[in-house]
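Per UniProt numbering, the very first residue in the sequence shown carries number 1; after that it's consecutive.
Every residue, glycine too, gets a C-beta built ideally from N, C-alpha and C.
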Amino acid sequence: MNFNLSKVIRFCFYFLFFVTPLLFSLNTSEIFEFNKMMLIYFVTSIIITLYGLHRIISSSKKITFSWFYILLVVFLISQIFSTIFSIDVHTSIFGYYSRWNGGLISIIAYILLFFVFVQTMSRKHIERLLILSLISSFIIILWGLSAKFGADPTCFLYLHELTNRCWTENFSPATRMFSTLGQPNWLGAYMAIHFFIGIYFLIKNLFNSEENSHPRENGDPDSGPDSAKASTVKQARMTMDSRLRGNDIKVYIKYLIRRIIKLHILKFAIYLFFNILTIYFTQSRSSQLAVLAAFMLGSVLLSLKLASKKLRKIIIAGLIIFVFFASTIGFIYKKSLVGFFELPIEQSIVTDSFDIRKIVWKGAIDLGNKYPWFGSGTETFAYAYYFTRPAAHNLTSEWDFIYNKAHNEYLNYFATTGYNGLIIYILLIIGTAVLFFQSFRVNRKNWLEVIFVTCIYLSYITILITNFFGFSISILQLFFYLIPAIFLVFEKKETGDYIFNFGKFAKLGLASRLPIIFIAIVGISLLTYFTRYYFADVHYAKAQTYLALDEYTQAAEELYKAVGNRYEHVYEDKLSGVLANTAFVRSFGDDSDSTDQLIDFSKNHNLNSLANSPYNIIYWRTQAKNYYFYYQASNDIDDLQKSIAASERVVEIAPTDAQSYYQLALYYWIISNEDKQRKEQFVVKATATINKALSLRPNYIEAQELRIQIIQ
Numbered sequence: 001m002n003f004n005l006s007k008v009i010r011f012c013f014y015f016l017f018f019v020t021p022l023l024f025s026l027n028t029s030e031i032f033e034f035n036k037m038m039l040i041y042f043v044t045s046i047i048i049t050l051y052g053l054h055r056i057i058s059s060s061k062k063i064t065f066s067w068f069y070i071l072l073v074v075f076l077i078s079q080i081f082s083t084i085f086s087i088d089v090h091t092s093i094f095g096y097y098s099r100w101n102g103g104l105i106s107i108i109a110y111i112l113l114f115f116v117f118v119q120t121m122s123r124k125h126i127e128r129l130l131i132l133s134l135i136s137s138f139i140i141i142l143w144g145l146s147a148k149f150g151a152d153p154t155c156f157l158y159l160h161e162l163t164n165r166c167w168t169e170n171f172s173p174a175t176r177m178f179s180t181l182g183q184p185n186w187l188g189a190y191m192a193i194h195f196f197i198g199i200y201f202l203i204k205n206l207f208n209s210e211e212n213s214h215p216r217e218n219g220d221p222d223s224g225p226d227s228a229k230a231s232t233v234k235q236a237r238m239t240m241d242s243r244l245r246g247n248d249i250k251v252y253i254k255y256l257i258r259r260i261i262k263l264h265i266l267k268f269a270i271y272l273f274f275n276i277l278t279i280y281f282t283q284s285r286s287s288q289l290a291v292l293a294a295f296m297l298g299s300v301l302l303s304l305k306l307a308s309k310k311l312r313k314i315i316i317a318g319l320i321i322f323v324f325f326a327s328t329i330g331f332i333y334k335k336s337l338v339g340f341f342e343l344p345i346e347q348s349i350v351t352d353s354f355d356i357r358k359i360v361w362k363g364a365i366d367l368g369n370k371y372p373w374f375g376s377g378t379e380t381f382a383y384a385y386y387f388t389r390p391a392a393h394n395l396t397s398e399w400d401f402i403y404n405k406a407h408n409e410y411l412n413y414f415a416t417t418g419y420n421g422l423i424i425y426i427l428l429i430i431g432t433a434v435l436f437f438q439s440f441r442v443n444r445k446n447w448l449e450v451i452f453v454t455c456i457y458l459s460y461i462t463i464l465i466t467n468f469f470g471f472s473i474s475i476l477q478l479f480f481y482l483i484p485a486i487f488l489v490f491e492k493k494e495t496g497d498y499i500f501n502f503g504k505f506a507k508l509g510l511a512s513r514l515p516i517i518f519i520a521i522v523g524i525s526l527l528t529y530f531t532r533y534y535f536a537d538v539h540y541a542k543a544q545t546y547l548a549l550d551e552y553t554q555a556a557e558e559l560y561k562a563v564g565n566r567y568e569h570v571y572e573d574k575l576s577g578v579l580a581n582t583a584f585v586r587s588f589g590d591d592s593d594s595t596d597q598l599i600d601f602s603k604n605h606n607l608n609s610l611a612n613s614p615y616n617i618i619y620w621r622t623q624a625k626n627y628y629f630y631y632q633a634s635n636d637i638d639d640l641q642k643s644i645a646a647s648e649r650v651v652e653i654a655p656t657d658a659q660s661y662y663q664l665a666l667y668y669w670i671i672s673n674e675d676k677q678r679k680e681q682f683v684v685k686a687t688a689t690i691n692k693a694l695s696l697r698p699n700y701i702e703a704q705e706l707r708i709q710i711i712q
């Protein structure tokens, strides 16, 4: 019995590109990105296990090598060093909890996928993969359009009714589409990639039809020559070229229109229409700019590359596409429809996203210069940003948001991995450009190959542009790492499939079987680990639901299950707070031993979380809040002092954060009412601290109210 390993590996890649953008779950702490990242880890584990088996049992040890591998290895080494010297090693390894993508293991997964992709895929397999990806993106479009018009299928799964009521007003798919990607900008970036994939298949079908059905000399576009008669086909082509040289463009335009009406061409035209419509509905300016800039670049590249007679055809086709979509967008922007699509009036006071980005970018640049060699650590921006956070951030509408990314992929690498990480990341991008131009410059007989590599590269260009104004997510990273792999596959020779022969395996000796068994055990262990990873988050999500209902006992049980499945300092921090709150509630009863035990457990979990993430101000705030609960249970003034000490640590980490000064002033004010001997001393500190908070954010309402109470 034989087992085709190559076919299964390719199926895994098909599955990955088709399912990943569609996948989400209401049972996890983060609906979208967590589930996509877990799927990538799960499928990657299967792929590398199968490929590892192939490397052991295959008689052919041939590997497709490329200089691009060196860039990937050097980039990986830079990320490893950034992780070693990170301010939070755990986060650098696994990624920031709620984003995940970008951590060291995610980068390892993408690089492994790149390597196996190059070894196992061929040109025909790539086209199948891209078609499946287009189908998946069209499902996403339909899903998002339903939500745009008030009937979100996600809400149907959650509430069993086709409405948008499962979303808040500030996160409404009717205002900005996000479909199954989770955020409008992510959806726009994903659609920008597929716009040029769709362009390729439209052109391919358009001109394949031309090859099989050229108009006759009498100008009848519908009466094509018999495809079996090569001489007649050649004559028809010569006739068409002659008409074009004679500037008889009308015949060719009529011919193209007839070709477009054909169903197999029309379906791609329809797809592109809905693709552009979706990008508009996301209101993602970066995605719109990416499509426009890449389209212009593609026009220039193809104009320089293609022969004159082919160039005329491409220009005509391109003009038809451009006019079609320009007319569509112009119609959408008509005055009569603007009122339907524009943002609600009450959102007009929100700080413009680009203005906020400029502030965050300045903080990211300062952070990169603070840690020039290896940055603050891979994926630690959420913690390290507070070190250099500009005071101007307090004056924005997102002044109290946690920014876990720099909202610029390049500055994010600079801030978290330093000059080393940024330079090597840029070298990866340059290396991909070199791979493209190596393929582009080849004098090909089949000009569709030129269109293919160009469209794939334009998809890559859209990622670079949208990443400049945002940050990458899991599905975008798949394209970022595997588009260079596509260029390598496009140039390599076809190779045979890898067959696993069970009969041959049964005849192997123990020494020969051991490596195979070892690879299988590693694969099963990886799958088991990521399965436990997933269920740990499911328990964490349940705990958050119980906390929202103030059911602390059930929440603690779920958090212990989460920690039992997989260690995560996020779980420990939350568990610490739950136990502190439970101890406070139980302190009103007679079971003092139980209260003391809960306090001890709470302290231990908080110390563990801070030991693993010492610069996480959320955990320090948890400690401050916990000690206030302990004080409520024990009436020990030292507990309040420790709340103040934890809050002072927060201010040290985040010296420009208005909220941190407000919380410190609050604890100063609380202890001033409890410690009569040092009341005046703490009132002075509370006044100075609250004034600092108001100097950073003058319209801080809570701080204004606290200041009134302090000075009374």
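- Judged by DSSP in its simplified three-state form, Asp-366 adopts helix.
- Nearest Cα to Tyr-69 within the set Asn-101, Thr-44, Phe-114, Val-43: Phe-114.
- Counting along the chain, Leu-181 sits inside no alpha helix (DSSP H), nor does DSSP assign it H or E at all.
- Contact check for Ala-392 against Ile-359 passes: the beta carbons are separated by less than 7 Å.
- Beta-bridge partners of Asp-152 (DSSP): Thr-163.
- Cβ neighbours of Leu-112 within its own chain (closer than 8 Å, five residues either side excluded): Thr-44, Ile-47, Ile-48.
- Check the Cα spacing between Asn-4 and each of Tyr-51, Thr-20, Lys-36: the tightest is with Tyr-51.
- A distance below 7 Å between beta-carbons, with the five flanking residues on each side excluded, links Pro-184 to the following residues of its chain, in chain order: Arg-176, Met-177, Phe-178, Thr-282, Gln-283, Ser-284.
- The beta-carbon separation of Trp-143 and Thr-180, rounded to 6 Å, stays under the 8 Å limit for a contact.
- It is roughly 34 Å from the alpha-carbon of Ser-397 to the alpha-carbon of Ala-562.
- One Cα belongs to Ala-633, the other to Lys-625, and the distance between them is close to 13 Å.
- Per DSSP, Trp-669 is one residue of the alpha helix (DSSP H) stretching across 658-674.
- A distance below 6 Å between beta-carbons, with the five flanking residues on each side excluded, links Leu-26 to the following residues of its chain, in chain order: Tyr-158.
- Between the region 512-528 and the region 458-470, the count of C-beta pairs closer than 8 Å stays below three; the two stretches do not touch.
- For Glu-652, the uninterrupted alpha helix (DSSP H) run begins and ends at 637-653, by DSSP.
- Pairing Ser-353 with Thr-466 gives a Cβ-Cβ distance that is not under 7 Å.
- Contact between Lys-685 and Tyr-662 does not hold, since their C-beta atoms are separated by about 13 Å, which reaches or exceeds 8 Å.
- With a cut-off of 8 Å on Cβ pairs, the region 415-423 is not in contact with the region 120-136, counting fewer than three such pairs.
- Apart from the 5 residues on each side of it in sequence, Ala-693 sits with its Cβ closer than 7 Å to the Cβ of Ala-658, Tyr-661, Tyr-662, Ala-665, Tyr-700, Ala-703 in its chain, given in chain order.
- Comparing C-alpha distances from Glu-379 to each of Asn-394, Tyr-410, Asp-355 shows the shortest one belongs to Tyr-410.
- Straight through space, the alpha carbons of Ile-56 and Lys-124 are spaced by roughly 27 Å.
- Of the residues Ser-6, Phe-490, Ser-613, the one whose Cα lies closest to the Cα of Tyr-571 is Ser-613.
- Here DSSP, grouped into helix, strand and coil, assigns Asn-4 to strand.
- In the three-state reduction of the DSSP assignment, Tyr-403 falls in the coil class, being assigned neither a helical nor a strand state.
- In the three-state scheme derived from DSSP, where H, G and I count as helix and E and B as strand, Pro-614 is classed as coil.
- When DSSP states are grouped into helix, strand and coil, Asp-593 belongs to the helix group.
- In the DSSP assignment, Asn-446 falls outside any alpha helix (DSSP H) and carries neither an H nor an E.
- Assignment of Trp-620 by DSSP, reduced to helix, strand and coil, places it in the helix class.
- In the DSSP assignment, Gly-577 falls within the alpha helix (DSSP H) that extends over 569-586.
- Look at the beta carbons and you see the region 149-157 not touching the region 192-208: under three pairs across the two are nearer than 8 Å.
- When rounded, the separation of the alpha-carbon atoms in Leu-22 and Phe-42 is 16 Å.
- In the structure shown, Lys-493 falls within a coil segment according to DSSP collapsed to helix, strand and coil.
- The C-beta distance from Gln-477 to Asn-101 rounds to 6 Å, short enough to fall under 8 Å.
- The region 67-111 contains, as complete alpha helix (DSSP H) runs of 4+ residues, the segments 68-84, 89-94 (chain order).
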